[in-house]
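Residues in the sequence shown are numbered from 6 upward in steps of one, following the working numbering.
We put the CB at the ideal spot given by N, CA and C, even for glycine.
Because the structure is a prediction, the values reported are computed rather than measured.
The structure appears right after this line, and notes come after that.
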Amino acid sequence: MRIAHFVSGFPVLSETFVLDEIQAFAKEGFDNIVVSLRPAQKGREDPLVDLPEDRSAKDLNLVKVLYPDRALTPLGSVEISCREENPKRKSLASIQFELIASGFRFPWELPKLLITASLIGRCADSLEKLGIDHCHAHFAHYPADLAWGCSRLLGVTCSCNAHSYDLWNYQAHKRQRVQAADQVFPISHLNRQHLLQYLPEKSDSGEKILVIHCGIHLEDYPFNPEDSKEPEDPPILLGVGRLVDTKGFADLILAGKNLASQGIRHEIQIIGEGPERLNLEKLAAQNSHEWSTVRFFGALPRSLVRQHQQRASLAVQPCCPGKNGLDGIPVVLMEAMALGTPVISTRFAGIPELIEHRHEGLLVEPASPSQLAEAIGNVLSDPSLRQTFVHRARKKVEDQFNAQKNYRQKALLIKELLQKKTCNPV
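Right, dumping it as structure tokens:
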């Protein structure tokens, strides 16, 4: 069985979950082809050289990485050679028209819809030559549009994941994508409730929208239940993620000033890169205090991120609403929990599905530096609370956020879908 994985770019350092999922499909016997909407970086035409050190083309059973030609092809101009007559096939022109028409209510999305529509024909042609059986989008916006278009053109099944930014910030064609997909995999129950509104009323098709959490490979995150890790001196407060407003790192910096004014010495470490970096550096300079150090490390390989997570006294992810949309369930929280690092986050998006307040960690209201500072102080000053949290947190990740188990479930569901199609051909 051959599956095409549609992504925005490949590989992306911060999207380790994409590689984890592809690897799970490989273990279930799938041949994997990756389709990237963004072209290869200039001078980096071989994507395999950018794979993380703990991944290889063999691990991923990676047959090919496609970067569709972004030269705008006249709409409807590419013919797909039919291997067999299939009434599920749609014409390229009708597919492109439906996709573009959906953007008239959302004109700011039209430019990317036009680009996506122009890629469908050539992409589907390449995939047909590769013998694709299924199209799977790792995100619920433009990758899902391209996967949807190729699946309609080729008459194959289609599925997509739904994370956060991709689901909540893009509205054009969302209803059509959800209704046409054979399976939709939201990463949280919050996302599932949102998706259900796009299905027809009095429909039992809600069963195809199945929550499968993102997860981590537990063997990469060793946990010693006997290790009663004491905070560093000074304690390290670690934040990891893209430097965008929804990650709430500004609140972490302000909470640090609050802590310093209470006489709590600490060091804030922020790992990640993004458009808010200059603003955050400026904020840190404006709120500098001799007892509060803020260090920016930029983007780091996952192996180095893991080292920082192991050393950290607390993992703090103060996610909040912002122009960047909703967050999902941050994988970096799962990683810290698996390693035995206490976590503090916010009651935002799907985070309460991972952390129950005062059970696996502490949750505060979003955009509340004072509450955040109080929570940090409470955890740092209470060794027994830290130990209770880290043991419960590890178990929660083992039970519900195990990448191998969760992504294998997804691969088996798609395998079952394809087997049903084989047994019941159109």
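Review point. Between the beta-carbon of Leu377 and the beta-carbon of Pro335, is there less than 8 Å?
Key: No, they are not a contact pair.
Check your understanding: Going by the CB atoms, is the gap between Val395 and Ala380 shorter than 8 Å?
Key -> No; because the gap between Cβ atoms is not below 8 Å, this pair is not in contact.
Check your understanding: Which residue's Cα is closest to the Cα of Ser375: Gln414, Arg413 and Gln267?
Key -> When only C-alpha atoms are compared, the closest one is Gln267.
Practice item. Measure the Cβ-Cβ separation of Pro239 and Glu272 and say whether it is below 8 Å. Key: The criterion of a C-beta distance shorter than 8 Å is satisfied by Pro239 and Glu272.
Check your understanding: Is Phe190 helix, strand or coil when you go by DSSP?
Key -> In the three-state reduction of the DSSP assignment, Phe190 falls in the strand class.
Exercise for review: Compute the beta-carbon to beta-carbon distance between Leu104 and Leu118, rounded to the nearest angstrom, for a pair I have assumed lies under 8 Å.
Suggested key: 6 Å between Cβ atoms; contact.
Point to revise | Simplified DSSP assignment, three categories, for Leu377 | key: In the structure shown, Leu377 sits in a helix (DSSP, three-state: H, G or I).
**Study point:** Own chain, CB closer than 6 Å to Phe260, minus 5 neighbours either side, in chain order
**Key:** A small fix is needed here, since residue 260 is Ala in this sequence, not Phe. Closer than 6 Å at the Cβ level, and outside the excluded window around Ala260, lie Pro374, Leu377 and Ala378.
Point to revise | His146 beta carbon less than 8 Å from that of Tyr175 | key: At the C-beta level, Tyr175 and His146 come within 8 Å of one another.
Exercise for review: Report the partner residues of Ala152 according to the DSSP bridge assignment.
Suggested key: Looking at the DSSP assignment, Ala152 forms no beta bridge with any residue, so it has no partner.
**Study point:** Start-to-end residues for the alpha helix (DSSP H) that takes in Cys128
**Key:** For Cys128, the enclosing alpha helix (DSSP H) starts and ends at Leu115 to Lys134.
**Study point:** Inter-residue spacing [alpha-carbon to alpha-carbon] between Ile241 and Ala142
**Key:** So the alpha carbons of these two residues sit roughly 37 Å apart.
Check your understanding: If you check the beta carbons only, do Gly220 and Met342 fall under 8 Å apart?
Key -> No, these two residues do not count as a Cβ contact at 8 Å.
Check your understanding: If you scan the segment 325-394 from start to end, which runs of the alpha helix (DSSP H) of 4 or more residues do you find wholly inside it?
Key -> Annotation note: the segment 325-394 contains the following uninterrupted alpha helix (DSSP H) runs of length 4 or greater, listed N- to C-terminal: 336-344 and 374-385.
Check your understanding: What do you reckon, are the CB atoms on Pro73 and Cys140 nearer than 8 Å?
Key -> Against a cut-off of 8 Å, the Cβ pair of Cys140 and Pro73 comes out as no contact.
**Study point:** Residue burial classification, Trp153 (beta-carbon count within 10 angstroms, cutoff 16)
**Key:** Its Cβ being crowded by 16 or more others within 10 Å, Trp153 is buried.
Check your understanding: Which same chain residues, not among the five before or five after Asp36, have their C-beta less than 8 Å away from its C-beta?
Key -> Around Asp36: Met6, Arg7, Ile8, Asn66 and Val68.
Practice item. Whole angstroms is fine: what's the gap from Gly246's alpha carbon to Lys426's? Key: About 40 Å.
Review point. Identify the residues that DSSP records as bridge partners of Arg2: which are they?
Key: With the chain covering only 6 through 431, there is no way to say anything about residue 2.
Exercise for review: Return helix, strand or coil for Arg180, following the three-state DSSP convention.
Suggested key: Note: Arg180 maps to helix in three-state DSSP.
Practice item. Pull up the CB-CB distance for Glu465 and Arg397, whole angstroms please, since I reckon it's below 8 Å. Key: What the structure shows of the chain is the stretch from 6 to 431, and residue 465 is not part of that stretch, so it cannot be assessed.
Review point. So what does DSSP say about Val245, is it helix, strand or coil?
Key: DSSP places Val245 in strand when its eight states are reduced to three.
Point to revise | Which of helix, strand or coil DSSP assigns to Ser297 | key: Ser297: strand per DSSP, three-state reduction.
Review point. Hey, out of Val39, Gln409, Phe228 and Ala255, whose CA is closest to Pro148's CA?
Key: When the alpha-carbon of Pro148 is set against those of Val39, Gln409, Phe228 and Ala255, the nearest one is in Val39.
Review point. For Lys63, which option in Ala31, Leu71 and Val70 has the closest C-alpha, if you only look at C-alpha atoms?
Key: It is Ala31.
Check your understanding: Along the chain, where does the beta strand (DSSP E) that runs through Ala304 open and close?
Key -> No residue range can be given for Ala304, since it is assigned to no beta strand (DSSP E) and is classified by DSSP as neither H nor E.
**Study point:** Cβ pair Ser297, Ala265 closer than 8 Å
**Key:** For Ser297 and Ala265, yes; Cβs fall inside 8 Å.
Check your understanding: So is His194 buried or exposed if we call it buried at 16+ other beta carbons inside 10 Å?
Key -> His194 is exposed by the Cβ-count criterion.
Point to revise | Secondary structure of Ile63, DSSP reduced to three states | key: First, the residue type needs correcting, since residue 63 is Lys and not Ile in the sequence shown. DSSP places Lys63 in coil when its eight states are reduced to three.
Check your understanding: Do you know offhand how far Ala304's Cα is from Glu286's?
Key -> Cα to Cα, Ala304 sits roughly 15 Å from Glu286.
Review point. Sorted by chain position, which residues of the same chain lie with C-beta nearer than 6 Å to Phe11's C-beta, five sequence neighbours on each side aside?
Key: Within the same chain, and ignoring the five residues on either side of Phe11 in sequence, the residues whose Cβ sits closer than 6 Å to its Cβ are Val40, Ala142, Pro148, Leu151 and Ala152.
Practice item. Using the Cα positions of Glu26 and Asp130, report the straight-line distance between them to the nearest angstrom. Key: If I take the Cα positions, the gap works out to 25 Å.
Review point. What is the C-beta distance between Ile258 and Phe302, in whole angstroms, given that I count them as a contact (C-beta under 8 Å)?
Key: Cβ-Cβ separation between Ile258 and Phe302: approximately 15 Å, too far for a contact (criterion under 8 Å).
Check your understanding: By Cβ distance, which residues of its chain are closer than 7 Å to Arg157, with the 5 residues on each side in sequence left out?
Key -> Correct list, in chain order: Lys95 and Ile100.
Practice item. Specify, as a first and last residue, the run of the beta strand (DSSP E) that Leu42 falls within. Key: Run containing Leu42: none; DSSP gives neither H nor E here.
Point to revise | CA nearest to the CA of Val299, picked from Arg270, Ile120 and Pro388 | key: The shortest C-alpha separation from Val299 is found at Arg270.
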